[in-house]
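Adding 1 to a residue's 1-based position in the sequence shown gives its number in my numbering. Here's the structure we're looking at; comments come further down.
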Amino acid sequence: MAHNIYGMAFSKVYPLYISKAERKDRTKDEVDTIIRWLTGYSQEQLEAQVAANKDFKVFFAEAPALHENRRQITGVICGMRVEEIEEPLMQEIRYLDKLIDELARGKAMEKILRN
2 MAHNIYGMAF SKVYPLYISK AERKDRTKDE VDTIIRWLTG YSQEQLEAQV
52 AANKDFKVFF AEAPALHENR RQITGVICGM RVEEIEEPLM QEIRYLDKLI
102 DELARGKAME KILRN
């Protein structure tokens, strides 16, 4: 089953991630660090993805290297346990949502990045 979010432009959601972080005194740089860690994009590649209005499906399909430690991300986001989501793309999207949520809740970057 294809979810509506798959076809949504990442560039539409990206500013919302930044706003959520900034409302909690975190920064765009921290959001970008999280996204780069998760996806393997360089800063330039991330900015190009945003500028190109790629949808979530393409954004994750083109990710250079999804981080192996992303499987350590656990917990509930949008009412679902991220570690139990069976649809691979939805799980990647929810991993990102969970990391941004942890940032907004004040968690230290080294813990967010599972270092």
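The beta-carbon is built from N, C-alpha and C at its ideal position, and this holds for glycine as well.
With distances taken Cα to Cα, identify the nearest neighbour of residue i among the options.
| i | options | result |
| --- | --- | --- |
| Trp-38 | Lys-55, Met-81, Asn-54, Ala-64 | Ala-64 |
| Ala-22 | Ile-113, Phe-57, Arg-106 | Arg-106 |
| Ile-74 | Leu-17, Arg-27, Val-83 | Val-83 |
| Leu-67 | Ser-43, Ala-109, His-4 | Ser-43 |
Going by DSSP in three states, residue i sits in which element: helix, strand or coil?
| i | result |
| --- | --- |
| Ala-109 | coil |
| Ala-49 | helix |
| Asp-56 | strand |
Excluding the five sequence neighbours on either side, which residues of its own chain have a C-beta within less than 6 Å of the C-beta of residue i, listed in chain order?
| i | result |
| --- | --- |
| Asp-98 | Ile-78 |
| Asn-54 | Ala-10, Ser-12 |
Verify the CB distance criterion: does residue i have a CB-CB separation below 8 Å to chain B?
| i | result |
| --- | --- |
| Leu-97 | In summary, chain B is missing from the structure at hand, where a single protein chain is found. |
Less than 7 Å between C-beta atoms, sequence neighbours within five positions excluded: which residues of the same chain meet that for residue i?
| i | result |
| --- | --- |
| Ile-86 | Gln-92, Arg-95 |
Can you give me the Cβ contacts of residue i inside the same chain, cut-off strictly under 8 Å, excluding the 5 residues immediately before and after it?
| i | result |
| --- | --- |
| Asp-56 | Tyr-7, Gly-8, Met-9, Ala-10, Phe-11 |
Point to revise | Continuous beta strand (DSSP E) assignments of at least 3 residues falling wholly in the stretch 61 to 107 | key: If we require 3 residues or more, the stretch 61 to 107 turns out to have no beta strand (DSSP E) run fully inside it.
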